[in-house]
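Residue numbering for the sequence shown is 9 to 301, as defined by my numbering.
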Amino acid sequence: KQKPLPMHFSLLAGAIAGVSEIVTMYPLDVVKTRFQLQVGSGGKDAYTSIADCLQRIVKQEGFGALYRGIAAPIMVEAPKRAIKFSANEFFGGVFTRSGIVGKDSKMKGVLTGVAAGCTEAVVVVSFDLVKIRMQDKNAKSLYTNTADAFAKIYKNEGIMAFTKGFEATVWRHGSWNAAYFGLIGTIRALLPKSETKQGTMINNFIAGAIGGTAGTIINTPFDVVKTRIQSETKTVGAKYRWTLPAISTVAREEGFAALYKGFLPKVLRLGPGGGILLVVFDFTSEFIRKKFM
9 KQKPLPMHFS LLAGAIAGVS EIVTMYPLDV VKTRFQLQVG SGGKDAYTSI
59 ADCLQRIVKQ EGFGALYRGI AAPIMVEAPK RAIKFSANEF FGGVFTRSGI
109 VGKDSKMKGV LTGVAAGCTE AVVVVSFDLV KIRMQDKNAK SLYTNTADAF
159 AKIYKNEGIM AFTKGFEATV WRHGSWNAAY FGLIGTIRAL LPKSETKQGT
209 MINNFIAGAI GGTAGTIINT PFDVVKTRIQ SETKTVGAKY RWTLPAISTV
259 AREEGFAALY KGFLPKVLRL GPGGGILLVV FDFTSEFIRK KFM
């Protein structure tokens with residue numbers, strides 16, 4: 009049996025895996041944001057598909073535009089994973105000790121996931137805001153790089169601007185985690201039992217992909233309005249402020265389907281992204297065991 013990694017090594021392996029996934033799949037995140045920021049039909053310059061969006065970004069803005077703003081999610085990856093890891097441990101203990109759920113209850117995973125997701129939102133909201141500003145084609149002349157974006161947002165909009173979209177971020181993370189952790193255990197139990205390490209990895213990948221897709225179906229409307237809220241540079245008179253009224257506004261003005269803008273690039277990122285996370289985490293863990301333990 010493999011020796012378990014100490015917490016600091018586990019966090020390191022998770023951070024390396026997370027950054028690898030971001031670097032590989034980031035262009036799809038840019039595409040997702042561009043679609044979510046298209047109001048209504050988007051007019052004559054609207055992107056019509058993922059391929060059209062990628063092609064036009066490269067042609068009109070250069071290849072580097074596919075990675076514009078990537079520094080923000082990379083900077084927050086390690087602290088995000090540390091918070092997620094610690095919050096899972098903490099809330100799992102709280103819910104069990106308080107008698108809210110049993111030690112092996114499926115509801116424990118759901119409640120712990122929601123609480124950890126809401127805690128994670130505190131860490132990521134500011135970095136997400138900067139990332140979205142950098143990805144927005146209408147704001148590309150405003151900021152030269154991620155550091156410049158942080159400085160100008162602080163100067164022009166004040167420190168509270170970095171909390172913009174916090175409520176929507178809580179909805180996004182909490183709802184995704186609820187669906188993911190609520191389903192993943194059930195799906196694993198339904199899959200044929202594996203006797204090999206490779207088979208277990210495949211089962212985990214399948215369960216993760218199904219759970220992640222369900223989470224994405226539930227959380228995309230929150231993600232759409234979060235993107236709209238965080239892209240607004242107005243300090244007063246902003247069109248989108250709170251999550252549920254913003255969802256209502258988008259659905260009323262643009263139709264229900266508009267709440268699922270960017271859904272396809274989100275889902276397409278899940279499968280390969282999850283695979284990259286699993287493979288890199290496994291490889292890094294093995295490397296650490298051989299070299300440092």
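By construction, the Cβ of each residue, glycine as well, lies at the ideal position given by its N, Cα and C atoms. It should be emphasised that the depicted structure is a prediction, and the values quoted were computed from it without experimental measurement.
Query                                                                                                                              : Result
Rounded Cβ spacing between Q46 and L137 (contact assumed at less than 8 angstroms)                                                 : 19 angstroms between Cβ atoms; not a contact.
Beta-carbon contacts of F174 that lie in its chain and below 7 angstroms, excluding the five residues immediately before and after : A129 and V133
Rounded straight-line distance, which links the Cα of R105 to that of V27                                                          : 35 angstroms
Buried or exposed (CB count within 10 angstroms, at least 16 for buried), L252                                                     : exposed
Distance CB(G182)-CB(R89) smaller than 8 angstroms                                                                                 : no
Start-end ranges of the alpha helix (DSSP H) lying completely within the stretch 19-78, minimum 4 residues                         : 58-69
Boundaries of the alpha helix (DSSP H) in which A123 is found, first to last residue                                               : K114 to Q143
N96 to N146 span [Cα, whole Å]                                                                                                     : 38 angstroms
Residue burial classification, N185 (beta-carbon count within 10 angstroms, cutoff 16)                                             : buried
Option nearest R277 by Cα separation, candidates L20, L13 and E29                                                                  : E29
Rounded straight-line distance, which links the Cα of R249 to that of Y272                                                         : Residue identity differs from the one stated: residue 272 is Leu in this sequence, not Tyr. Spanning the two alpha carbons is a distance of roughly 25 angstroms.
Counted within 10 angstroms of its Cβ, other Cβ atoms place G110 as buried (16 or more) or exposed                                 : exposed
Terminal residues of the alpha helix (DSSP H) in which A186 lies                                                                   : F174 to L198
Pick from A80, F189, S94 and G121 that is closest to I140, judged by C-alpha positions                                             : A80
Residue range of the unbroken alpha helix (DSSP H) whose run includes K274                                                         : F271 to F300
Neighbour-count burial assignment, S293, 16 or more Cβ in a 10 Å radius                                                            : buried
Same chain, Cβ closer than 6 angstroms to E261, five either side skipped, listed in chain order                                    : none
V109 - DSSP class collapsed to helix/strand/coil                                                                                   : coil
Under the three-state DSSP convention, the category Y151 falls into                                                                : coil
With 16 other Cβ atoms within 10 Å as the buried cut-off, status of K11                                                            : exposed
S202 versus T32 - alpha carbon distance                                                                                            : 29 angstroms
Run of the alpha helix (DSSP H) containing V232, from where it starts to where it stops                                            : K205 to S239
Backbone secondary structure at Y248 - three-state DSSP                                                                            : coil
The stretch 200-215 / the stretch 150-159 touching (three or more Cβ pairs under 8 angstroms)                                      : no
Whole-angstrom distance between L20 and I82, CA atom to CA atom                                                                    : 13 angstroms
Inter-residue Cα distance where the pair is H16 and F98                                                                            : 16 angstroms
Chain-order list of residues whose beta-carbon lies under 6 angstroms from that of R180 (same chain, five-residue window excluded) : N227, F230, D231 and K234
Residue closest to I192, alpha-carbon to alpha-carbon, out of N211, T177, V178 and A176                                            : N211
8 angstroms Cβ cutoff met for Q143 and R64                                                                                         : no
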